[in-house]
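Enquirer: Before I ask anything, here is the structure I am working with.
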Amino acid sequence: MSPLAAKHSIPIVLIPLCGTEELSSKIEYYLRETYNKEECHVVNSQIVRFSTGDGKAVLEETVRGADVYILVDVGNYSCSYQMHGQTIPMSPDEHFQNLKRTVSAIGGKAFRINVISPLLYASRQDRRISRESLDCAMALRELENIGVRNITAFDVHDNRVANAVPYNGFDDLFPIYQVIKAIKKHYPDIEFSEEHSLFISPDLGATTRNYKYTNELGLDMGIFYKRRSRTKVVGGNYVVDVHKYIGPSVKNKDVFIVDDMICSGTTMLDVAKYCKKQGANRVFAIATFALFTEGIQRFDEAYKKNALEAVFITNASYRRDEIRNAPWYREVDITKYIAIYINSVNAGKSISKLLDPHEKIHRLLDKG
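In the UniProt record's numbering, the protein residues as written are 1 to 368.
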């Protein structure tokens, strides 16, 4: 614990931007009830829009001297605003602009400004191929330059983007404990052993995520090798030319496919169908973010054909009602995880056990 935190409790202020109101309300509850953080409250940032589409942020209360945590969900396309008489859905760019407006409205009066963006803005544009912009790196540098001290995200597409802000706080949280807890809650018969379970990475990019599970649970891992065309682009993505499996047999095993996000879902479904065709027992998908940019119809069909048992998805970002009401949807709640994180940062405590919850996981599994 830092000397400053030991001598004086710095009040916590949560500022929820559009789409994070429910999340911040639950976090406030946990901080007050579980950690006795009486000096914790929510301050709303009202985004006022002019008819031309220009905007400004207005804080409803003072945050002077507070440890401020701004929550933003850049993937929440249910938020909208009026411009020239039309309703405009908010894109990630507009959420990010509102975040910067809110930091500006604070005006340097807070003790510290922290940004919690579970889905990191522009995280998919994390590297340069040919003549491309480095959007994520630019965004992180911009937040650092306007006074943000800590940036927190979940399951970042490639957390090496932290190299863009080497003198700033950057935490990449991974909800492995919360996912395993949800799996055991919904499927208590699951046996995490080499004989009964297997994790499969849908591509090379997701290998590290799957390895975290296999290393923690002592399981084997398979991988799908995916080679993309360097010239053909469809829907903003390079077309997949080759997609084949390398790894142990899936026959009679419960298979878990882990990735950071489900966008179109094509890759995830291809893997699930392959595993089922090869004799897998049950196939589960795990994703931190459920984007489903092309709808959920194919997931419904896979579920009806028994190719997919369930999809575990966190509440880190917006999930429309269609997704939340799907028979294959299983929610992974991360609100308490965020509350524990905020409590630790505010008190100046180490977050090592949050980043590596080895002991908690094995206590959970020992309970059966």
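All residues carry an ideal CB built from backbone N, CA and C; glycine is no exception.
Note that the coordinates shown come from a computational prediction; the quantities given were computed from them, not determined experimentally.
Is there contact here, the stretch 219-227 with the stretch 200-211, by at least three beta-carbon pairs under 8 Å?
Expert: yes
Enquirer: Would you be able to state if there are at least three C-beta pairs under 8 Å between the stretch 26-46 and the stretch 342-362?
Expert: yes
Enquirer: Helix, strand or coil: how does DSSP classify Thr-293 here?
Expert: Mapped onto the sequence shown, residue 293 falls at position 293. Note: Thr-293 maps to coil in three-state DSSP.
Enquirer: What's the C-alpha gap between Lys-273 and Met-90?
Expert: For this step, residue 273 is matched to residue 273 along the sequence shown. For this step, residue 90 is matched to residue 90 along the sequence shown. The straight-line gap from Cα to Cα measures roughly 34 Å.
Enquirer: Give the single residue among Ile-286, Ala-206 and Val-255 whose Cα lies nearest to the Cα of Lys-277.
Expert: On the sequence shown, position 277 is the one that residue 277 refers to. Ranking the options by Cα distance to Lys-277, first place goes to Val-255.
Enquirer: Are Lys-37 and Ile-12 closer than 8 Å when you measure CB to CB?
Expert: Taking the sequence shown and counting its residues from 1, one reaches residue 37 at position 37. Taking the sequence shown and counting its residues from 1, one reaches residue 12 at position 12. In this structure, Ile-12 lies closer than 8 Å to Lys-37 by Cβ.
Enquirer: Going straight from the alpha carbon of Met-261 to that of Tyr-245, what length do you get?
Expert: Translated into positions along the sequence shown, residue 261 becomes position 261. Translated into positions along the sequence shown, residue 245 becomes position 245. Taking the straight line from one Cα to the other gives about 20 Å.
Enquirer: Would you check if there are 3 or more beta carbon pairs closer than 8 Å linking the stretch 121-140 to the stretch 46-55?
Expert: no
Enquirer: If we call anything under 8 Å between Cβ atoms a contact, is Lys-181 one with Ile-190?
Expert: For this step, residue 181 is matched to residue 181 along the sequence shown. For this step, residue 190 is matched to residue 190 along the sequence shown. Not in contact: Lys-181 and Ile-190 (Cβ atoms no closer than 8 Å).
Enquirer: Return the chain-ordered list of same chain residues with a C-beta closer than 7 Å to the C-beta of Thr-20, the five sequence neighbours on each side being excluded.
Expert: By 1-based counting over the sequence shown, the position of residue 20 is 20. Closer than 7 Å at the Cβ level, and outside the excluded window around Thr-20, lie Leu-71, Val-72 and Asp-73.
Enquirer: Rounded to a whole number of angstroms, what is the C-alpha to C-alpha distance between Gly-53 and Gly-85?
Expert: As a first step, residue 53 must be located in the sequence shown, where it is residue number 53. As a first step, residue 85 must be located in the sequence shown, where it is residue number 85. So the alpha carbons of these two residues sit roughly 10 Å apart.
Enquirer: Pick out the complete beta strand (DSSP E) segments inside the stretch 30-95, 3 residues or longer, and give them in chain order.
Expert: For the stretch 30-95, whole beta strand (DSSP E) runs of length 3 or above, ordered along the chain, are 40-42, 45-49, 55-59, 67-71, 80-83 and 86-89.
Enquirer: Within 8 Å, do at least three Cβ pairs link the stretch 358-365 to the stretch 310-328?
Expert: no
Enquirer: Whose C-beta lies closer than 6 Å to the C-beta of Arg-101 among residues of the same chain, with five residues either side of it excluded?
Expert: Within the sequence shown, the letter at position 101 stands for residue 101. The answer, listed in chain order, is Ala-57.
Enquirer: In whole angstroms, give me the CA-to-CA distance for Glu-322 and Ile-313.
Expert: Against the sequence shown, residue 322 aligns to sequence position 322. Against the sequence shown, residue 313 aligns to sequence position 313. Going from the Cα of Glu-322 to the Cα of Ile-313 covers about 14 Å.
Enquirer: Classify Asp-126 as helix, strand or coil using the three-state DSSP reduction.
Expert: Your numbering for residue 126 matches position 126 in the sequence shown. Residue state, collapsed to three classes: coil.
Enquirer: Excluding the 5 residues preceding and the 5 following Leu-354 in the sequence, name in chain order all residues of the same chain whose CB lies nearer than 8 Å to its CB.
Expert: Within the sequence shown, the letter at position 354 stands for residue 354. Result list for Leu-354: Leu-173, Tyr-337, Ile-340, Tyr-341 and Ser-344, in chain order.
Enquirer: DSSP has Pro-11 in a bridge; who is on the other side?
Expert: Numbered from its first residue, the sequence shown carries residue 11 at position 11. Paired residue(s): none; Pro-11 is not in a bridge.
Enquirer: Taking buried to mean at least 16 other C-beta atoms within 10 Å of its own C-beta, is Gly-108 buried or exposed?
Expert: Translated into the one-based positions of the sequence shown, residue 108 becomes position 108. By the 10 Å Cβ count, Gly-108 comes out exposed.
Enquirer: Using the beta-carbon count (16 or more within 10 Å), is Met-268 buried or exposed?
Expert: Within the sequence shown, numbered from 1, the residue matching residue 268 stands at position 268. So Met-268 ends up on the buried side.
Enquirer: Just to confirm my understanding: we take Arg-228, look at its own chain, exclude 5 residues before and 5 after, and list those with CB closer than 7 Å. What are they?
Expert: Stepping through the sequence shown from its first residue, residue 228 is reached at position 228. So the qualifying residues of the chain are Tyr-238, Val-239, Val-240 and Asp-241.
Enquirer: What residue does the alpha helix (DSSP H) around Glu-191 start on, and which one ends it?
Expert: Locating residue 191 in the sequence shown gives position 191, counting from the first residue. Segment: none, Glu-191 is in no alpha helix (DSSP H) and carries neither H nor E.
Enquirer: Could you tell me which of Gly-55, Glu-60, Ser-104 and Asp-93 sits nearest to Met-83, measuring between CA atoms?
Expert: Your numbering for residue 83 matches position 83 in the sequence shown. Of the listed residues, the one whose Cα sits closest to Met-83 is Gly-55.
Enquirer: Using a Cβ-Cβ cutoff of less than 7 Å, which residues in the same chain neighbour Ser-2 once the five nearest sequence positions on both sides are dropped?
Expert: What you label residue 2 is simply residue 2 of the sequence shown in a count that begins at 1. Its pLDDT being 48, under 50, Ser-2 is placed unreliably by the model, and the measurement read from it follows with that caveat. So the list reads Gly-348, once near-sequence residues are dropped.
Enquirer: Relative to the alpha-carbon of Tyr-35, which residue among Val-179, Lys-367, Ser-9 and Tyr-69 has its alpha-carbon at the smallest distance?
Expert: Locating residue 35 in the sequence shown gives position 35, where the first residue counts as 1. Ranking Val-179, Lys-367, Ser-9 and Tyr-69 by Cα distance to Tyr-35 puts Ser-9 first.
Enquirer: Determine the burial state of Val-233: buried for a count of at least 16 other Cβ atoms within 10 Å of its Cβ, exposed for fewer.
Expert: Here residue 233 refers to the residue found at position 233 when the sequence shown is read from its first residue. Under this definition Val-233 is an exposed residue.
Enquirer: Looking only at C-alpha atoms, which of His-196, Leu-143 and Gln-178 sits nearest to Phe-170?
Expert: On the sequence shown, position 170 is the one that residue 170 refers to. Nearest of His-196, Leu-143 and Gln-178 to Phe-170, Cα basis: Leu-143.
Enquirer: Are there 16 or more other CB atoms within 10 angstroms of the CB of Asp-93, so buried, or fewer, so exposed?
Expert: Counting from one through the sequence shown, the residue named residue 93 turns up at place 93. Counting Cβ neighbours within 10 Å, Asp-93 comes out exposed, since fewer than 16 surround it.
Enquirer: With a threshold of 16 other CB atoms inside 10 Å of the CB of Gln-297, please say whether the residue is buried or exposed.
Expert: As a first step, residue 297 must be located in the sequence shown, where it is residue number 297. Of the residues assessed, Gln-297 falls on the exposed side of the cut-off, its CB having fewer than 16 other CB atoms within 10 angstroms.
Enquirer: Along the chain, where does the beta strand (DSSP E) that runs through Glu-331 open and close?
Expert: Counting from 1 along the sequence shown, the entry for residue 331 is found at position 331. The continuous beta strand (DSSP E) containing Glu-331 extends over residues 329-332.
Enquirer: Would you kindly check if the distance between the Cβ of Val-258 and the Cβ of Phe-199 is under 8 Å?
Expert: Counting from 1 along the sequence shown, the entry for residue 199 is found at position 199. Counting from 1 along the sequence shown, the entry for residue 258 is found at position 258. In this structure, Val-258 lies closer than 8 Å to Phe-199 by Cβ.
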